[in-house]
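In the numbering used here, the protein residues as written are 10 to 383. We put the beta carbon where it would ideally sit given N, CA and C, even for glycine. Note that this is a predicted model, so its numbers are computed, not measured.
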Ligand SMILES: [Zn+2]
C-alpha cells in the first residue's frame, strides 16, 4: 500500500467507528476528512459514515478551496450559495464526480490531518443551551472555540475562518475543538487515535456535568389510540407513505403530558432536526379522542399545512405518543428529546433563531411546492 491509500483506509475506519455509534451519528449526519499532499479527501454528500468506503470521499485541491476566500460573492444569499457551490465543484481533483459536503470549507480551514465533524446529542446539550457558551468556557477553557449561531454554508465557514485567526493570534495555536452553537462539533488531530482521545475527553467531561439523563425506558400506551391516530394520519397526509412510525417512552410520556411540558421539544435545535423531523411538530391535544378523532386530526393537519406550506413530519399526540412518516424523522425527534434533557444541565433549551430556521425552510417549502405541482 502506498502512503495515501493507507491514510485513506485509516480515515474510513475512523469514520465508521463513529458512524455506527448512535451516541455520535444519526441518519446521514456528520462528516470526516483527511489532508494529504495538498489534497483534501472529504465525505461526499449522500453517504453515511457507518458504511462509508473510498467512493464516499471526494478528492479536492486544498489550494483551490483556499482561493475561495479571495473571491467576491453576491450579497443575495441564494445567488451566493450557488456561486460558492460552483467554485467548490471546481475545486475537485480532475475525474471526481461526487458533490462534496457543504461543510468542506470548514474541513479545509483546520490545519490538522484528520478532521471529524459530528452532531452528538450530548455535545448539542451544550451547544443548544442558554448558558452553552458560558459552560463551554468553564468546562474546557482555552481548548475550545465557540462559534455563535449563523446561517449554514459560506457564512458559517467565513465566521469560523475569522474566529480561528483571532484565536490563533491570541493563543499562537489552533483550538483543540470547535463548538458550533445549535449545530455540533469539529475536532482535528494528526492521528485517528488522537481524534478519539479528544472526543472521549469532551464526552466524559460533559457526562460528569449532567444533572439529569433522559429516561428512555418503555412506556405503554393504548393500542386503540395508536391505531386510530395512525389511521387518521394516513388519511390526512398526502405525501406520506403508508408506513407510520410511532414511539413512546418515559421521557416522551413526560413531554406529552401537556403543551407546557412539550415546549422544550417544540421547535428545532439544529439544521439536521429541521431536515429530518421538521421545524415544528404538530401538537394534537387529548380532546380529539372525545369526538370524531379522524375528522379532528384532519382539521389540525390541514391547518398546519395551510400555515406552514408543508405537512408536519412529526406529530405529537398528547398522552399518546410521537408519530412520524419515516424512521429518520422519529430517530431525529428522539434526538431532540435527548438534547432537551441535556440542556437542563447547562441553563435550559435554546432553539435555533426563527430567521435561521426560515433560511433552511425556504428551500424546503420550495421543494415541496415543486413536488406537489410537478
Ligand atoms: Zn454539521
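Taking only three categories from DSSP, how would you classify residue 366? Your numbering for residue 366 matches position 357 in the chain shown. Correct three-state label for residue 366: helix.
How many angstroms separate the CA atom of residue 81 from the CA atom of residue 100? Walking along the chain shown from the start, residue 81 turns up at place 72. Walking along the chain shown from the start, residue 100 turns up at place 91. Rounded to whole angstroms, residue 81 to residue 100 spans 16 Å at the Cα level.
Could I get the ranges of all uninterrupted alpha helix (DSSP H) runs contained in the region 283-327, with 4 residues as the minimum, in chain order? 302-317
Extent of the continuous alpha helix (DSSP H) to which residue 49 belongs: Start at 1 with the first residue of the chain shown, and residue 49 comes out as number 40. Residue 49 -> not in any alpha helix (DSSP H); beta strand (DSSP E) instead, spanning 48-52.
For residue 270, I'd like the list of residues in its chain whose CB is within less than 8 Å of its CB, leaving aside the five on either flank, ordered along the chain. To locate residue 270, count along the chain shown from 1; it is residue 261. Cβ within range, chain order: 263, 264.
Mapping the DSSP letters down to three states, classify residue 82 as helix, strand or coil. Residue numbering aside, residue 82 sits at position 73 when the chain shown is read from its first letter. Residue 82 carries a coil assignment under DSSP once its states are collapsed to helix, strand and coil.
In angstroms with no decimal places, state the Cα-to-Cα distance between residue 209 and residue 97. The count along the chain shown starts at 1 and reaches residue 209 at position 200. The count along the chain shown starts at 1 and reaches residue 97 at position 88. Taking C-alpha positions only, residue 209 is separated from residue 97 by approximately 32 Å.
As a quick exercise: from 279, 163, 353, 365, pick the residue whose alpha carbon is nearest that of residue 89. Start at 1 with the first residue of the chain shown, and residue 89 comes out as number 80. The residue with the shortest Cα to Cα distance from residue 89 is 163.
Does the contact criterion of 3 or more C-beta pairs under 8 Å hold for the region 219-227 versus the region 150-161? no
Can you pull the DSSP bridge partners for residue 154? As a first step, residue 154 is located in the chain shown; it is residue number 145 there, counting from the start. Note: residue 154 sits in a beta bridge opposite 187.
Near ligand 1, which residues have their beta-carbon closer than 6 Å to a heavy atom? 112, 126, 128, 192, 193
Which class does residue 23 belong to by DSSP, given the choice of helix, strand or coil? Taking the chain shown and counting its residues from 1, the one referred to as residue 23 is at position 14. For residue 23, the three-state secondary structure derived from DSSP is helix.
Let me confirm a value: residue 206 is counted as buried when at least 16 other C-beta atoms fall within 10 Å, else exposed. Which label applies? If you number the chain shown from 1, residue 206 lands on position 197. So residue 206 ends up on the exposed side.
How do the region 133-153 and the region 348-355 stand: do at least 3 beta-carbon pairs fall below 8 Å, yes or no? Between the region 133-153 and the region 348-355, the count of Cβ pairs shorter than 8 Å is three or higher; the stretches touch.
With a threshold of 16 other CB atoms inside 10 Å of the CB of residue 29, please say whether the residue is buried or exposed. Translated into the one-based positions of the chain shown, residue 29 becomes position 20. It counts as exposed.
Less than 8 Å between the CB atoms is what I'm expecting for residue 67 and residue 92, so what's the real figure, rounded? Taking the chain shown and counting its residues from 1, the one referred to as residue 67 is at position 58. Taking the chain shown and counting its residues from 1, the one referred to as residue 92 is at position 83. With a Cβ gap of about 19 Å, residue 67 and residue 92 do not count as contacting.
Residue 383 - DSSP class collapsed to helix/strand/coil: Along the chain shown, read from residue 1 onward, the residue named residue 383 stands at position 374. In this predicted model, residue 383 has a pLDDT of only 42, less than 50, meaning its place in the structure is not dependable enough to derive any value.
Cβ-based burial, residue 69 [other Cβ within 10 Å; buried from 16]: As a working note, residue 69 is residue 60 in the chain shown. Residue 69 is buried by the Cβ-count criterion.
Using three-state DSSP, classify residue 28 as helix, strand or coil. On the chain shown, position 19 is the one that residue 28 refers to. It is helical.
How long is the line joining the alpha carbons of residue 367 and residue 126, rounded to whole angstroms? Start at 1 with the first residue of the chain shown, and residue 367 comes out as number 358. Start at 1 with the first residue of the chain shown, and residue 126 comes out as number 117. Answer to the nearest angstrom: the Cα atoms are 24 Å apart.
Please determine if the region 43-63 and the region 141-158 are in contact, where contact requires at least 3 C-beta pairs separated by less than 8 Å. A contact between stretches requires three or more CB pairs, one per stretch, nearer than 8 Å, and the region 43-63 fails this requirement with the region 141-158.
On a Cα-Cα basis, can you pick out the residue from 272, 313, 286, 266 that is closest to residue 296? Stepping through the chain shown from its first residue, residue 296 is reached at position 287. That would be 266, whose Cα lies nearest to the Cα of residue 296.
Would you check if the region 35-51 and the region 105-122 touch, i.e. whether three or more CB-CB distances between them fall below 8 Å? yes
Residue 331 and residue 255 closer than 8 Å at C-beta: In the chain shown, residue 331 corresponds to position 322, counting from 1. In the chain shown, residue 255 corresponds to position 246, counting from 1. Yes, they are a contact pair.
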